[in-house]
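Novice:
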Amino acid sequence: MRVRAETGLSIKKKTSILCAFSIEDTNVAIGLGKFNKKIDQTISQSLQEIKGKKGKIAIIHSHKEISSERILIAGLGKKNKLTSDVIRDVTGNITKKIHELGIKEFTIITPEKISIKNDQVVSAIVEGANLSLYDFDLYKKEKSNKKEPDLTLLTSDKNAQKIIKNSITISDAVKFTRDVANLPPNECPPAKLGEIAKQIANQNKMKCTVFSKNEIKSKRLGGVTAVGQGSKNEPRFIILEYRNGKKEQKPILLVGKAVTFDTGGISLKPGEKMDEMKFDKCGGCTVLGVMKAISELKLPINVIAIVPSVENMPSGDAFRPGDIVKLFNGKTAEILNTDAEGRLILADGLAYGIKHFQPSSVMDFATLTGACIVALGTNVAGIVSNNAKLASKVKSSSAKTSEEVWELPINDDYMDMVKSKVADIRNLGMGRAAGTITAAAFLANAVGNVPWVHFDIAGTAWIQPSTKSKSYNSHGATGFGVRLVVDYLMNQK
Ligand code: BES
Ligand code: MN
Ligand code: ZN
1 MRVRAETGLS IKKKTSILCA FSIEDTNVAI GLGKFNKKID QTISQSLQEI KGKKGKIAII
61 HSHKEISSER ILIAGLGKKN KLTSDVIRDV TGNITKKIHE LGIKEFTIIT PEKISIKNDQ
121 VVSAIVEGAN LSLYDFDLYK KEKSNKKEPD LTLLTSDKNA QKIIKNSITI SDAVKFTRDV
181 ANLPPNECPP AKLGEIAKQI ANQNKMKCTV FSKNEIKSKR LGGVTAVGQG SKNEPRFIIL
241 EYRNGKKEQK PILLVGKAVT FDTGGISLKP GEKMDEMKFD KCGGCTVLGV MKAISELKLP
301 INVIAIVPSV ENMPSGDAFR PGDIVKLFNG KTAEILNTDA EGRLILADGL AYGIKHFQPS
361 SVMDFATLTG ACIVALGTNV AGIVSNNAKL ASKVKSSSAK TSEEVWELPI NDDYMDMVKS
421 KVADIRNLGM GRAAGTITAA AFLANAVGNV PWVHFDIAGT AWIQPSTKSK SYNSHGATGF
481 GVRLVVDYLM NQK
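For the sequence shown, the UniProt record's numbering begins at 1 and goes up steadily by one.
Shown next, in the form of structure tokens:
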């Protein structure tokens, strides 16, 4: 979407539709100003009609009385509930309305001097507008109307143009993540993810290495090998290197689970909703989206991404319950359920990344456990960390981007729950108890003392029946985590 900033008065603005926000029960359209008696009266009537309630929109035709052809007023809801996400959501609704009406260009009056910082308001408007028209229709003959309207933001903020540019880059990366995550499993085996990674690396001057099945085996990535061996679609181990910080600066490591389809393997899943396991690559897609964004933003940092990718299939070659496999970190893992496959490939990704790149900190992203949905639902991701300082920075980026997280605890008692009688560790906890944490405890074995935050995005990576509806999300993958992590990385030097 094309978005630009403009200073100047709304009264003079020549536009198809001039949009302003209104907070509940204030009877004020923020920043709209005065026109002439007739128009001002109509505006005032509309304000009283919608009362600034969230979700309500009024449109007034100006009949050439003023420079703008129409005025739109959108309610933001109660003042004490106003967050940047409300602005993101309401802007998405405005954009959808304008798209529906076939209007080719619109202007939004940026609400200034409200309780939210200007840069966050501008980002929220741009993201809401740019994400709201996303629709995955690659496989449909009848495409949705892809022509996006142009947006002008009226603002007095001198930095607005820069913030707009960054927000477009970031929300385009979210769309990219959704596009890849939405690919069906027959069209997106691990090799395809390797090609996609190479593409973004070439476009943005990153180094990309993709290990084949044989290389994965010879490098002793035993977890990836075991999970991948049951499928004809061979595994890949993807490494992206973005270096734009000081040479001596240790990199940040991002690891993402990319199971292109998770049948459960020999511990086969029930049929119901198994199709959704095409989204089991979402962690990896988030990491790819983050790399695309930060390389386009040219952030002055060093970041390594690792995306272990497999298809988890039952077959005569598949790994089995009872198998003992040797992970990259040298620890042996007893397989008790082949459906607990994510932790096996992630443990290899984490250990390989830590050994070869000596990162200052690590984050991993995975649709790891159904238990996370039981615990937190589908609007909040679980996080588990060994470092309170890093976790608190993640929480502050989460608050800014409204990609919600909730921290679950980890300690030695949970670590004990993944010890095995016949191997060093086991890929299952104790029954259903604390399933999200025991999965993280398995990963903690591969992480050691490096500051680490694990994100379980099983509930948030795609839209499920219990997902709260937001104008800037549509059916399918959400791209959860991209905005949060890019915000975190923008605050690193
Ligand atoms: N990919 C699934 C987790 C999942 C399930 C995410 C449903 C989103 C929706 C993961 O590989 C898995 O199957 N986990 C098992 C672990 C269990 C066997 C310990 C689960 O959650 O049931
Ligand atoms: Mn599984
Ligand atoms: Zn899985």
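All C-beta atoms, glycine included, are put in the ideal place defined by N, C-alpha and C.
Let's test the definition: count the other Cβ atoms within 10 Å of the Cβ of L138 and tell me whether it reaches 16, buried, or not, exposed.
Specialist: Exposed.
Novice: Within the region 305–390, note down every full beta strand (DSSP E) run reaching 3 residues or more, in order along the chain.
Specialist: 324–326, 332–334, 361–366 and 381–385
Novice: With DSSP as the reference, label T15 as helix, strand or coil.
Specialist: strand
Novice: CB of M277 to nearest heavy atom of ligand 1: below 7 Å?
Specialist: yes
Novice: Less than 8 Å separating the beta-carbons of R343 and A439?
Specialist: yes
Novice: Please name the residue, chosen from N379, S361 and V380, that lies closest to N386 on a Cα-to-Cα basis.
Specialist: S361 is the residue among N379, S361 and V380 whose C-alpha sits nearest the C-alpha of N386.
Novice: Examine ligand 2 and report whether any of its heavy atoms sits within less than 7 Å of the Cβ of A461.
Specialist: For ligand 2, no non-hydrogen atom lies closer than 7 Å to the CB of A461.
Novice: Can you tell me which of the three DSSP states Y134 falls into?
Specialist: coil
Novice: Leaving out five residues on either side along the sequence, give the residues of the same chain with a beta carbon under 7 Å from the beta carbon of G330.
Specialist: none
Novice: So, is A388 buried or exposed, given that buried needs 16 or more other C-beta atoms within 10 angstroms?
Specialist: exposed
Novice: Using beta-carbon positions only, say whether F365 and G256 come within less than 8 Å of one another.
Specialist: yes
Novice: Would K54 and L76 be called neighbours here (beta carbons separated by less than 8 Å)?
Specialist: yes
Novice: Quick check on the DSSP output: the alpha helix (DSSP H) that includes I196 runs from which residue to which?
Specialist: P190 to Q203
Novice: Select from F21, S132, K232 and S10 the residue whose C-alpha is nearest the C-alpha of L47.
Specialist: The residue from F21, S132, K232 and S10 with its alpha-carbon nearest to that of L47 is F21.
Novice: Please classify S474: is it buried, with 16 or more other beta-carbons within 10 angstroms of its beta-carbon, or exposed?
Specialist: It is buried - the Cβ of S474 has at least 16 other Cβ atoms within 10 Å.
Novice: Leaving out five residues before and five after F211 in sequence, what residues of the same chain have Cβ atoms less than 6 Å from its Cβ?
Specialist: F237
Novice: Flag I103 as yes when its Cβ comes closer than 7 Å to any non-hydrogen atom of ligand 1, and as no otherwise.
Specialist: no
Novice: For Q161, collect the residues of the same chain with a Cβ closer than 6 Å to its Cβ; drop the 5 residues on either side in sequence, then sort them by chain order.
Specialist: A5
Novice: Taking 5 Å as the limit, tell me which residues put their C-beta closer than that to any heavy atom of ligand 4, in chain order.
Specialist: Ligand 4 is not among the ligands present in this structure, which contains only ligand 1, ligand 2 and ligand 3.
Novice: Could you check what DSSP says for residue 494 in three-state terms: helix, strand or coil?
Specialist: Within the shown structure, residues of the chain are numbered from 1 to 493, placing residue 494 beyond reach of any answer.
Novice: Using only CA atoms, which one of I71, I66, K64 and S67 lies nearest to Q45?
Specialist: I71
Novice: Would you mind working out which of S115, V418, Y242 and V486 sits nearest N445, comparing C-alpha positions?
Specialist: V418
Novice: Counting pairs of beta carbons, one from the region 372–387 and one from the region 245–256, are three or more of them closer than 8 Å?
Specialist: no
Novice: Rounded to a whole number of angstroms, what is the C-alpha to C-alpha distance between K468 and D89?
Specialist: Cα-Cα distance, rounded: 11 Å.
Novice: When the Cα of K175 is compared with those of P184, C208, Y134 and T152, which residue comes out closest?
Specialist: Of P184, C208, Y134 and T152, the residue nearest in Cα terms is Y134.
Novice: Identify whether G222 lies in helix, strand or coil by the three-state DSSP scheme.
Specialist: helix
Novice: So if DSSP puts N302 in a beta bridge, which residue, or which two residues, is it bridged to?
Specialist: R243
Novice: Between I437 and I410, is the Cβ-Cβ spacing less than 8 Å?
Specialist: Against a cut-off of 8 Å, the Cβ pair of I410 and I437 comes out as a contact.
Novice: Just to check, is the beta-carbon of A340 closer than 7 Å to a non-hydrogen atom of ligand 2?
Specialist: Yes, the Cβ of A340 comes within 7 Å of a heavy atom of ligand 2.
Novice: Note down the Cα distance separating L221 from T91, rounded to an integer number of angstroms.
Specialist: 46 Å
Novice: Confirm the yes/no value for this check: CB of T369, any heavy atom of ligand 1, distance under 7 Å.
Specialist: Result yes, Cβ under 7 Å from ligand 1.
Novice: Just to confirm my understanding: we take Y352, look at its own chain, exclude 5 residues before and 5 after, and list those with CB closer than 6 Å. What are they?
Specialist: F328
Novice: Any chance the CB of G264 is under 7 Å from a heavy atom of ligand 2?
Specialist: yes
Novice: Taking the C-alpha atoms as reference points, what is the distance between E49 and I125?
Specialist: 24 Å
Novice: What does I425 pair with, by DSSP beta-bridge criteria?
Specialist: Here I425 is bridged, per DSSP, to A333 and K419.
Novice: Looking only at DSSP bridge pairs, what is S22 linked to?
Specialist: G75
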